[in-house]
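S.K.: Just passing along the structure, written as structure tokens.
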Ligand code: UDP
Ligand code: MG
């Protein structure tokens, strides 16, 4: 029988966090008194993470492990977790305890009351730089402007989703995965749950600026076609300005006046900049089209553990022989 809850935990070089994360998750889940499974996705870790996960799977019946053949990225690791999860509700949570597992029972409560997605909305973010806080804030506002109001603010991937929604997201074939956007796109009854985001339990972030920018670009490029039209508007404005200048030059010429035309130089630089930017925007979308057209699998699994085990029953009940 499928468990009530599946907990999806992407792990990349998390040797310093896994023991504590598993202990806290287990405490919370056992406290809820319903069946559950915990899926750890080893996203090509290079430290002791793989071994630690195998050990967990060997001694804990609720643990399933998916080893990737190489590092594929957080969003892909979570996607694999969604593919393998069998619970009626799936919880996505980071391995570094930034999302406190103690919030899960509250999410479950909302789910039982009818919500189909309960996403964690960050009230505060502890231990993150002012820079990250500010850029995140402005980015979410920009995304709301571009993609419409479907995107909740200050929301990461920490959430509980009903099987119905998970099945929709799972079957979205796109490679450029921006899961929080995909969940928002799916619709259904969605509810926010405010929580305080903690600082990382141990280790360092695996989201350096470069990866952050990539994820941010996924968000915009996958969910808004507006940037594709920016060059068009800019081009039209330029044509208009060019028209005015043409008329003006013609009149000046007719009157026989002399002009020193530094505006031309400015215009050349400006229009070159605009043309290159426009090409860049086209290129950014084209690159995504290419990525999708290749149609490669999202991830490569090298080994799985624990999927033949039955989920444990709630405390106090017995499995029939
Ligand atoms: N992660 C992953 N693959 C990666 C990078 C990160 O599976 O390539 C996992 C990581 O182990 C953690 C979660 O994704 O569970 C979030 O990563 P991190 O805490 O480094 O990012 P931050 O919270 O700083 O944005
Ligand atoms: Mg983190």
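In the working numbering, the protein residues as written are 885 to 1205. Think of the CB as a built atom: it goes at the ideal place given N, C-alpha and C, for glycine as much as any other residue.
Pull up the distance between the alpha-carbon of residue 1103 and that of residue 898, whole angstroms please.
M.R.: If you take the alpha carbons of residue 1103 and residue 898, they lie about 26 Å apart.
S.K.: Taking C-beta to C-beta, are residue 1081 and residue 1019 nearer than 8 Å?
M.R.: Taking 8 Å as the Cβ cut-off, residue 1081 and residue 1019 do not qualify as a contacting pair.
S.K.: Short check: CB of residue 960 to CB of residue 1061, under 8 Å?
M.R.: Closer than 8 Å, so yes.
S.K.: Indicate the three-state DSSP secondary structure (helix, strand or coil) for residue 977 in the structure shown.
M.R.: Correct three-state label for residue 977: coil.
S.K.: From the DSSP output, in three-state form, read off residue 894 for me.
M.R.: Three-state result, residue 894: strand.
S.K.: Between which two residues does the alpha helix (DSSP H) carrying residue 1074 extend?
M.R.: Looking at the DSSP string, residue 1074 is not in any alpha helix (DSSP H); the run it does join, the beta strand (DSSP E), is 1074-1081.
S.K.: Anyone know if the C-beta pair for residue 1010 and residue 971 falls short of 8 Å?
M.R.: Their beta carbons are not under 8 Å apart, which means residue 1010 does not touch residue 971 by this criterion.
S.K.: By a C-beta neighbour count over all protein chains shown, 10 Å radius and 16 as the cutoff for buried, is residue 1203 buried or exposed?
M.R.: With a pLDDT of 49 at residue 1203, under the threshold of 50, the predicted position of this residue should be treated as unreliable, though the coordinate-derived value follows. Flag for residue 1203 reads exposed.
S.K.: Does the Cβ of residue 1065 have 16 or more other Cβ atoms within 10 Å, making it buried, or fewer, making it exposed?
M.R.: The residue in question, residue 1065, is buried, as its Cβ has 16 or more Cβ neighbours within 10 Å.
S.K.: Are the CB atoms of residue 1015 and residue 904 within a distance shorter than 8 Å?
M.R.: No, these two residues do not count as a Cβ contact at 8 Å.
S.K.: According to the Cβ coordinates, are residue 1067 and residue 1001 closer than 8 Å?
M.R.: It is a contact, given that the beta carbons lie within the stated cut-off.
S.K.: Rounded to a whole number of angstroms, what is the C-alpha to C-alpha distance between residue 938 and residue 923?
M.R.: Looking at the two C-alpha atoms, the distance is approximately 12 Å.
S.K.: Residues with a Cβ closer than 6 Å to any heavy atom of the ligand MG, in chain order?
M.R.: That gives 978, 980, 982, 1084, 1089.
S.K.: Ends of the alpha helix (DSSP H) at residue 968?
M.R.: 958-968 is the span of the alpha helix (DSSP H), which, as asked, contains residue 968.
S.K.: Could you pull the DSSP bridge partners for residue 1107 from this structure?
M.R.: Residue 1107 pairs with nothing; no bridge assigned.
S.K.: Starting from the Cα of residue 1183, find the closest Cα among 981, 950, 1013 and give me that residue.
M.R.: The candidate whose alpha carbon is nearest that of residue 1183 is 950.
S.K.: Report the residue from 964, 891, 1115, 1193 whose alpha carbon sits nearest the alpha carbon of residue 928.
M.R.: Closest option to residue 928, Cα to Cα, is 964.
S.K.: Nearest to residue 944 by CA position, among 914, 982, 953, 958, is which residue?
M.R.: Ranking 914, 982, 953, 958 by Cα distance to residue 944 puts 914 first.
S.K.: Return the first residue and the last residue of the alpha helix (DSSP H) that residue 1012 is part of.
M.R.: From DSSP, residue 1012 is part of no alpha helix (DSSP H); its letter is neither H nor E.
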